[in-house]
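Just so you know, we're using my numbering here: the sequence shown kicks off at 53 and counts up by one. Notes follow the structure.
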Amino acid sequence: MTSAERREQLIEIARGLFAERGFDGTSIEEIAARAEVSKPVVYEHFGGKEGIYAVVVDREVRRLLDMMSAALTAGKPRALLEQAAIALLDYIEQSSDGFRILVRDSPVGSASGSFVSIISHVASRVEHILAGEFSNRGFDPKNAPMYAQMLVGMVGTTGQWWLDTRKPHKDVVAAHLCNLAWHGLSGLEKDPSLITRG
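Encoded structure:
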């Protein structure tokens, strides 16, 4: 196995363990044992558990943000909201282990891995959309960052719940999320549907 192949093997093994047991429940010894290498090999590639954890988290963050960015293609705010909700649920469906890693508590002192920081990053990428919409409707665009956090946080928290339940279907979950976000509690539709799904 080349050095690059060994590194990838260690990352995949660590990813599975972090998803199953979390950061604190995973040890370098177990990563090494599953890879059938000595502990110094893991240390040589990553410097320690924090190093391999950071690589795993960075890859998951990048994958989630890439999926979110690729999904946000519509120009209309309601369609963008739907696309963001569906993209997060798609990520959860396709990368359940990755999402489990992102939503677990990150190690003390770590700058990465905090789901709150990921949600904040995603919200900052969509707040300009809200600012433009607020301006068009006569609302104060300075409130857009706060509303972006609220909307993305609502989707993220619902995603955490859906990770384990997987019911109802993700399109139904997305439709209800968008129903609440778009109409508010006072204007909920009885039978919401996604405008972007036909």
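Ideal Cβ placement from N, Cα and C applies to all residues, glycine included.
*Specify the secondary structure class of T125 as computed by DSSP and reduced to three states.*
In the sequence shown, counting from the first residue as 1, residue 125 sits at position 73. Note: T125 maps to coil in three-state DSSP.
*Decide if E81 is buried, meaning its Cβ has at least 16 other Cβ atoms within 10 Å, or exposed.*
The sequence position of residue 81 within the sequence shown is 29, counting from 1. Classification of E81: exposed, given that the 10 Å Cβ count is below 16.
_Beta-carbon separation (whole angstroms), Y143 vs L124, contact threshold 8 Å_ = The residue you call residue 143 lines up with position 91 of the sequence shown. The residue you call residue 124 lines up with position 72 of the sequence shown. That belief does not hold up - the Cβ atoms of Y143 and L124 are roughly 13 Å apart, past 8 Å.
*Exposed or buried, what is E60 when buried is set at 16 or more other beta-carbons lying within 10 Å of its beta-carbon?*
The residue given as residue 60 occupies position 8 in the sequence shown. Its Cβ having fewer than 16 others within 10 Å, E60 is exposed.
_By the three-class DSSP mapping on this structure, what secondary structure does E72 have?_
One-based indexing of the sequence shown puts residue 72 at position 20. Residue state, collapsed to three classes: helix.
_Nearest residue (CA-CA) to P193, options Q201, A183 and M202_ = By one-based count along the sequence shown, residue 193 stands at place 141. P193 has its Cα closest to that of A183, out of Q201, A183 and M202.
_For H221, three-class secondary structure by DSSP_ = For the purposes of this step, residue 221 is identified with residue 169 of the sequence shown, where counting begins at 1. If DSSP states are grouped into helix, strand and coil, H221 belongs with coil.
*Where do the ends of the alpha helix (DSSP H) carrying L155 lie?*
Against the sequence shown, residue 155 aligns to sequence position 103. Here the sequence assigns Val to residue 155, which means Leu is not the residue at that position. Here the alpha helix (DSSP H) through V155 covers S148 to V155.
*Proximity to M119 [Cα-Cα], best of F98, L62 and L141*: Within the sequence shown, residue 119 is the residue found at index 67, counting from 1. Selection F98, L62 and L141 evaluated against M119 yields L141 as nearest (Cα-Cα).
*Whose C-beta lies closer than 6 Å to the C-beta of F98 among residues of the same chain, with five residues either side of it excluded?*
Counting from one through the sequence shown, the residue named residue 98 turns up at place 46. Taken in chain order, the residues that qualify are I104.
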